[in-house]
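If you want the numbering used here, it's the 1-based position in the sequence shown plus 32. Note that CB positions come from ideal geometry on N, CA and C, so glycine has one too.
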Amino acid sequence: MPNAILTAMNLTRHFKVGGSLFTRPKTLRAVEDVSLTVQKGETLAIVGESGCGKSTLARMLMRLIAPTSGQMTFEGRQIDQAEGRALTELRRDMQFIFQDPFSSLNPRMTVGRLVGEPLETHAPQLSGKDRRAKVGELLAQVGLRPEHGERYPHEFSGGQRQRIGIARALASGPKLIIGDEPVSALDVSVQAQVINLLADLRDRLGLTLVVIAHDLAVIRHMSDRVAVMYLGKVVEEGPTDEIFATPRHPYTMALLSAIPEAEYGRTRAQIPLTGEMPSPIDPPAGCRFHTRCPFAREACKQDVPALRDTGIAPGHRAACHFFEEIAAEGAMPLPTGGTGRSEAAKARFALYAEAIAGQKTRPRAQP
Ligand SMILES: Nc1ncnc2c1ncn2[C@@H]1O[C@H](COP(=O)(O)OP(=O)(O)O)[C@@H](O)[C@H]1O
Ligand code: SF4
Ligand SMILES: [Mg+2]
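Quick look at the structure:
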């Protein structure tokens, strides 16, 4: 793909858990056979219930942990086995934003030193004076003042701390930033500010973003594409508008059912999500969602559904044996008809088709 910056092919990560002198450890299948492509300049959101493997996937994409199997490329280079210098370069090009960036940082370091620290590795040629100037620039980029560099993390609010975390992530001049629930620890009013800052930086600096979020409003607001995960697998992916307007996987429908009708802006079927997600130590055979799916049939217990094109929009795929029938029965919204796609969605759809054809770098919704 000409515009792909990061690709993952059949990415799998297992953890050995438990085990003692007398019992064998068990295999926890945190991420199983995930393939996805991140286009340069886009914002990809990854969504799913707690424990479905989002953080593990993100850590593998960043090469913070190695995959059990599968391949990854960054800008066309194979990275799943990268080490040494190749890994240092990756650390410069890809940065991570944590839920609480300060939980792992030294509270005795000033903000200036915290933000300047990555420069020591990634821009060792800078003099002390130049480094201080660069730190001031980075702080300004995230909406903080240079004098904030003299203070300590505990003197800042949650939103400001996240800004400092973002400044630190920007220090190495990354091309791609992965945020693991970057705003879920913040007050709702502050969330929007940080989300807007990220979107603004993406556009100004030409960054690519991968954002893990469980708040669907956040996802709808800032992402171009969405990948929905369930129990270690991607069950549906596609352009954000199509995922919200015409979801095809029953699990996506269930997630969307939780959004209040008024906020969602259209009528749709309600698919309740009952019970808990099964353990990834012994996941259900066949379709992993079959134990909770209201449409499950015998075949779902044996046959693993592949991600298939839905035919609704380029790159919209769902992993369900029966999505055509379920949609035809009227349980899911249809792509056309009274409550069909908005003009904005259609325009975005056209842009997306062009982007896929390699004529444009990315789709971007007009605010
Ligand atoms: N280092 C680890 N060792 C063992 N199990 C892990 C480890 N990291 C994650 N897991 C397990 O993998 C599954 C997916 O976790 P995670 O990727 O953190 O999910 P999410 O971010 O979607 O909440 C969970 O069952 C979790 O307990
Ligand atoms: S494959 Fe079967 S169990 Fe899985 S989502 Fe589709 S209908 Fe439900
Ligand atoms: Mg997580």
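- When rounded, the separation of the alpha-carbon atoms in residue 155 and residue 204 is 8 Å.
- Looking at the DSSP output, residue 337 bridges to nothing.
- In the three-state reduction of the DSSP assignment, residue 55 falls in the coil class, being assigned neither a helical nor a strand state.
- Using a cutoff of 8 Å, the CB of residue 86 counts as near ligand 3, since one of the ligand's heavy atoms is closer than that.
- In this structure, the CA atom of residue 212 is about 10 Å from the CA atom of residue 246.
- Residue 48 has 59 as its beta-bridge partners, per DSSP.
- With contacts defined as CB atoms closer than 9 Å, residue 351 and residue 338 qualify as a contacting pair.
- In summary, residue 307 is exposed, with fewer than 16 beta-carbon neighbours lying within 10 Å of its beta-carbon over all protein chains present.
- Residue 314 has its alpha-carbon roughly 15 Å from the corresponding atom of residue 44.
- Contact between residue 128 and residue 251 is absent: CB atoms are separated by about 19 Å, not below the 8 Å threshold.
- Annotation note: the stretch 227–255 contains the following uninterrupted alpha helix (DSSP H) runs of length 4 or greater, listed N- to C-terminal: 248–254.
- Here DSSP, grouped into helix, strand and coil, assigns residue 200 to helix.
- Contact check for residue 222 and residue 191: beta-carbon distance about 4 Å, within the 8 Å limit, so the pair qualifies.
- Under the 8 Å Cβ criterion, the stretch 231–240 does not count as touching the stretch 264–279, having fewer than three qualifying pairs.
- In the three-state reduction of the DSSP assignment, residue 101 falls in the strand class.
- Relative to ligand 1, residue 139 has its C-beta separated by 8 Å or more from all heavy atoms.
- Restricted to the stretch 263–328, the alpha helix (DSSP H) segments that are unbroken, complete and at least 4 residues in length are 272–277, 282–289, 293–296, listed in chain order.
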